[in-house]
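In the working numbering, the protein residues as written are 245 to 595.
Think of the CB as a built atom: it goes at the ideal place given N, C-alpha and C, for glycine as much as any other residue.
These notes are about the structure you will find just below.
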Ligand SMILES: [Zn+2]
């Protein structure tokens with residue numbers, strides 16, 4: 245999987261390739277977000293880029309700053325998901341063919357086919373449907389966790405990173421989670437453990453605190469047109485307040501936002517990330533995606549996008565991500581949105 249094939253996640257892809265290029269690779273990471281928004285695909289693309297023998301870097305202003313080459317032996321094995329140092333674990337259940345003690349090792353070929361067909365954005369339901377067990381709930385069991393540990397203890401076949409991707413890690417039962425926890429406490433050398441997670445609340449907090457989190461933005465397929473236009477209005481008035489940094493009206497805006505409820509706050513933060521990305525694409529590449537840049541305010545539509553540039557887009561996205569984590573962790577929303585506003589105001593004015 246190359247980043248170029250993952251729709252709508254260019255900003256995050258750029259942050260990921262930057263982390264790898266800088267060598268600050270965390271050995272345990274959590275990709276948190278809806279599978280349909282590409283969380284698994286991003287994790288695989290990340291590992292593919294990490295081991296690519298000929299990483300490609302694109303000129304400044306390109307939508308993607310870098311990507312794997314797609315043609316070296318490493319990339320070719322990743323494209324088929326048959327690289328000997330890539331291991332996939334996922335929830336399983338008994339089926340017509342595996343009638344007892346199922347584990348991910350029993351379903352590797354099936355899962356590879358499922359990933360290819362769904363372009364790695366298949367959902368948990370799609371997976372069970374493929375297994376012919378629509379009414380069952382899969383699980384990741386202790387046997388899977390034992391296999392994870394054994395795999396991580398082995399030498400890598402090709403000398404690079406050993407990569408373990410656990411899809412829907414929240415489906416680990418307690419025994420599996422506790423076994424995995426031990427691995428997280430004693431990181432091995434060149435290993436990369438990636439937990440792809442849709443709902444963090446179902447994971448042990450001791451696991452959550454030991455992995456670096458990558459929030460995968462929800463691509464907003466579920467956001468209604470009505471909500472979108474409501475958010476657009478909020479976004480426009482917020483950005484205007486940030487330019488002026490007029491404290492009283494800003495504080496009113498923050499109060500109102502803090503009163504919206506956490507789920508709405510998270511959606512608004514994601515909307516803001518998308519809106520900024522759309523502005524950036526227009527500024528950097530002259531691309532306007534249909535329907536993406538409709539703030540419903542002609543003056544704003546005209547002037548604002550040009551303020552979002554390579555020099556501030558990453559920082560703004562990062563600040564929004566940090567606030568998303570904070571809100572998820574039940575931080576005080578007023579403080580979180582006020583701090584975010586100060587940061588965003590500073591980034592908007594970078595010259
Ligand atoms: Zn390559």
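A direct Cα-Cα distance of roughly 29 Å separates residue 351 from residue 260.
If you ignore the 5 residues before and after residue 482, its C-beta comes within less than 7 Å of the C-beta of 497, all in its own chain and listed in chain order.
Between residue 256 and residue 461, the C-beta spacing is below 8 Å.
Proximity of the beta carbon of residue 403 to ligand 1 is not indicated: no heavy atom of the ligand is located closer than 7 Å. With a cut-off of 8 Å on Cβ pairs, the segment 265–275 is not in contact with the segment 468–480, counting fewer than three such pairs.
Where residue 438 is concerned, the enclosing beta strand (DSSP E) starts and stops at 435–441. DSSP places residue 340 outside both helix and strand once states are collapsed to three, so it counts as coil. Placement of the Cβ of residue 315 at a distance of less than 7 Å from at least one heavy atom of ligand 1 is found.
In the three-state DSSP reduction, residue 480 falls in the helix class (H, G or I). In this model, residue 327 and residue 318 are separated by some 7 Å (Cα to Cα). Residue pairing by DSSP places residue 406 opposite 435 in a beta bridge. Residue 389 sits in a helix when the DSSP states are folded into three classes. Relative to the Cα of residue 506, the nearest Cα in the group 452, 514, 574 belongs to 574. Annotation for residue 459: no alpha helix (DSSP H) segment contains it, though the beta strand (DSSP E) segment containing it runs 456–459. In the DSSP assignment, no residue is bridged to residue 256.
Counting other Cβ atoms within 10 Å of its Cβ, residue 415 reaches 16 or more and is therefore classed as buried. Beta-bridge partners assigned by DSSP to residue 411: 440.
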